[in-house]
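Take the position in the sequence shown, starting the count at 1, then add 324; the result is the number in my numbering.
Below: one structure, written as structure tokens.
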Amino acid sequence: KRLIGFAKTSNLKPGEEEKLSVEIPVKNLASFSEDDSAWIIEKGCYRIYTGQSSDSIELIGSLSADRDYMIERTSHILPLQKKLKEKKAFSGRGLSYQKKDSKKLDKLQILKLSPSEYSLPEYREDDTDREAEKIASELSLDQMLHMITGETGGKKSVVGSAGLRVPGSAGETSHILYDKNVGSAIMADGPSGLRLAQYYEVNPQDGKIYMDFGDRVLMNGLFDKTHPHAGSQKYYQFAAAYPVGTVIAQSWNTEIAREVGESVGREMEHFGISWWLAPGMNIHRNPLCGRNFEYYSEDPLISGKIAAAITLGVQSNSGVGTTIKHFACNNREDNRGVSDSVVSERAFREIYARGFEIAVKESQPMAVMTSYNRINGIHSANSRDLCTTLLREEWGFKGIVMTDWCTTMFKGGSDAYKCVSAGNDLMMPGSLEDISKVKRALKAGKINEKDLRDCVERLVNVILRTNCYKEAEPYNNRFERQAVGDGDI
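Right under this line is the structure:
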């Protein structure tokens with residue numbers, strides 16, 4: 325059995341009924357063929373069940389394919405470094421409910437499947453696209469190198485201490501292009517609303533901000549010891565707290581998820597935050613994963629649908645956007661920067677990447693954050709298969725890709741220059757060492773300047789659409805009537 329769609333009724337009183345309509349993209353029925361590098365609807369009968377849980381279902385009809393249909397061709401990505409010994413799947417033959425339903429099936433409607441092959445719709449370029457291309461084409465090497473790293477004053481930092489203008493913010497993009505009217509986008513971490521310093525002090529003489537990083541930011545002052553500064557003025561900035569991702573997903577309610585996103589987006593406008601470093605949406609593969617609370621589900625469809633709803637809610641506000649993460653296959657916190665997620669391409673596409681695919685195609689988030697881990701031996705931030713081939717060429721993603729914090733700064737982490745060639749546009753929080761490494765790689769011919777300029781162009785393109793500008797519009801407007809979707813319904 326596989327979940328292929330869901331819907332939520334309104335509040336029903338005892339005895340009340342409500343009819344629901346659920347649209348099912350054909351791709352939700354498809355399987356990925358590694359031999360063909362394609363998504364395929366296999367020949368056979370697809371029984372359709374409805375119910376309120378996986379063990380309380382009723383057969384209502386079936387879909388029939390008279391042959392194999394190739395509905396989407398892909399590239400081969402993320403090759404295994406050595407053969408993976410996989411457990412054999414349980415066939416499911418002989419299950420009692422299947423035997424019982426076989427007799428019932430003859431009396432129910434059977435719809436014939438004849439899906440067409442899917443291709444990405446053509447994206448319509450706008451004035452901002454052309455402006456970003458022009459700006460990027462005129463930049464010096466030094467300007468480009470600074471743009472692909474965050475603005476931290478050249479020091480190593482972590483989430484909550486890298487922001488310069490909004491106390492407690494996670495970081496911001498470079499200020500180096502102010503003279504070209506390219507603003508600096510400010511980021512705030514999640515996952516349950518905006519993570520900002522609840523209070524801070526300002527020196528009225530020079531405007532210097534005093535904020536003790538640590539427990540004050542991460543634990544909202546639970547273990548905080550105050551260190552007042554004489555003569556300073558105290559300010560407060562309280563953001564709403566929301567249920568964690570898992571709880572939101574358990575509602576099965578995309579409307580509520582969108583309302584949560586709308587509320588977060590309004591606060592982003594209020595505090596001057598451009599990118600929310602959320603939602604997290606990896607699969608609940610292991611109950612010991614330290615980030616499960618902010619991830620949605622063990623099911624990719626729920627994960628993708630809830631993330632898309634929250635993103636559409638956030639991006640209905642002017643100039644703000646989400647950063648879906650951690651792309652991809654993050655399953656642990658311990659030694660997360662050097663762990664290697666070994667996975668077949670079929671399992672990756674059908675399970676671990678599928679939620680991200682749904683979110684990208686249905687909501688076009690402003691940004692995607694790569695994960696710390698390797699996938700089949702290659703750091704996700706250094707993987708062109710992930711950042712370019714899959715995300716942009718196959719899924720039609722138009723936003724920017726950023727690293728997780730400090731992934732290029734620790735032993736065994738990702739390589740700064742390989743981020744550029746992969747299409748990972750922004751290294752966060754960024755450091756002077758990252759800039760030096762990319763510069764040396766360019767000189768040695770390990771990467772080319774075009775890849776660097778492409779990263780900067782994509783970054784400038786999205787920044788120009790943020791609340792760095794008073795005339796910013798909701799990012800959703802960029803894609804109205806251009807939704808990608810998953811092909812035939």
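Using N, Cα and C, we set each Cβ at its ideal position, and we do this for glycine too.
Q) DSSP puts V692 in a beta bridge; with which residues? A) I648, V725
**Q.** Sheet register partners of G368 (DSSP bridge)
**A.** A389
Q | Closest by C-alpha distance to I580, when choosing among P567, M592, R590, E591 | A | Taking I580 as reference, the option from P567, M592, R590, E591 with the minimal CA-CA separation is P567.
Q: Below 6 Å CB to CB, which residues in the same chain sit around T731 once its five sequence neighbours on both sides are set aside?
A: Y696, A705, G737, S738
Q: May I ask you to list the residues that DSSP assigns as paired with Y559?
A: Y524
Q. Can you tell me the Cα-Cα spacing of L432 and N606, whole angstroms?
A. 37 Å
Q: Assuming D664 and M693 form a contact by the criterion Cβ under 8 Å, report the distance between their Cβ atoms to the nearest whole angstrom.
A: 19 Å between Cβ atoms; not a contact.
Q) Looking only at its own chain, which residues have a Cβ that is under 8 Å from the Cβ of L383, when we skip the five neighbours before and after it? A) R371, I372, Y373, D425, K428, L429, L432
Q.
One question on the structure: do I626 and Y619 come within less than 8 Å of each other, judged by their Cβ atoms?
A. No; because the gap between Cβ atoms is not below 8 Å, this pair is not in contact.
(Q) Assuming K763 is part of the beta strand (DSSP E), what are its boundary residues? (A) Segment 756-768 is the alpha helix (DSSP H) holding K763; no beta strand (DSSP E) there.
Q. Since Q688 contacts K722 with CB under 8 Å, what's their CB separation in whole angstroms?
A. 6 Å
Q: Note down the Cα distance separating L408 from S668, rounded to an integer number of angstroms.
A: Per the coordinates, the alpha-carbon of L408 lies some 7 Å from the alpha-carbon of S668.
Q. How would you label H703, buried or exposed, when you count the other beta carbons within 10 angstroms and need 16 or more for buried?
A. buried
**Q.** Run of the beta strand (DSSP E) containing I510, from where it starts to where it stops
**A.** From DSSP, the beta strand (DSSP E) with I510 extends over 510-513.
Q.
Less than 8 Å between the C-beta atoms of V784 and V506, yes or no?
A. yes
Q: Verify whether the separation of the beta carbon atoms of I395 and K351 is less than 8 Å.
A: yes
Q | Exposure label - R754; buried when at least 16 CB within 10 Å | A | Reading the sequence as shown, one finds Gly at residue 754 and not Arg. Around the beta carbon of G754, a 10 Å sphere encloses 16 or more other beta carbons of the protein chains shown; the residue is thus reported as buried.
(Q) Can you give me the C-alpha to C-alpha distance between V662 and F672, rounded to a whole angstrom? (A) 19 Å
Q: Give the DSSP-derived three-state secondary structure of Q574 in the structure shown.
A: helix
Q | Cβ pair K332, W576 closer than 8 Å | A | yes
(Q) Given this structure, state the Cα-to-Cα distance separating S440 from P624, to the nearest angstrom. (A) 24 Å
Q: Evaluate S493 with the Cβ neighbour count: other Cβ atoms within 10 Å of its Cβ, from every protein chain shown; 16 or more gives buried, anything less gives exposed.
A: buried
Q. Who pairs with H703 in a beta bridge, going by DSSP?
A. R698
Q: Out of D658, I634, E583, point me to the one whose CA is closest to V684's CA.
A: I634
Q) What are the boundary residues of the beta strand (DSSP E) that includes F356? A) Run containing F356: 355-357, per the beta strand (DSSP E) assignment.
Q. The beta strand (DSSP E) spanning L435 covers which residue range?
A. 434-437
Q | G491, DSSP secondary structure in three states | A | According to the sequence provided, residue 491 is Pro. The question's Gly does not apply to it. If DSSP states are grouped into helix, strand and coil, P491 belongs with coil.
(Q) Going by beta-carbon coordinates alone, are R582 and G614 separated by less than 8 Å? (A) No. Outside cutoff.
(Q) Taking 8 Å as the threshold (C-beta atoms), are E781 and E342 in contact? (A) no
Q. Who are the near neighbours of I601 in its chain, counting only those whose CB is closer than 8 Å to its CB and skipping five residues on each side?
A. It is worth fixing the name first, because residue 601 is Leu in this sequence and not Ile. Same-chain partners within the cutoff: V483, A494, M511, A512, D513, G514, T647, K649, M693.
(Q) My output table needs one value for R519: the three-state DSSP class, helix, strand or coil. (A) strand
(Q) Distance check for E593 and S516, CA to CA, integer angstroms please. (A) 17 Å
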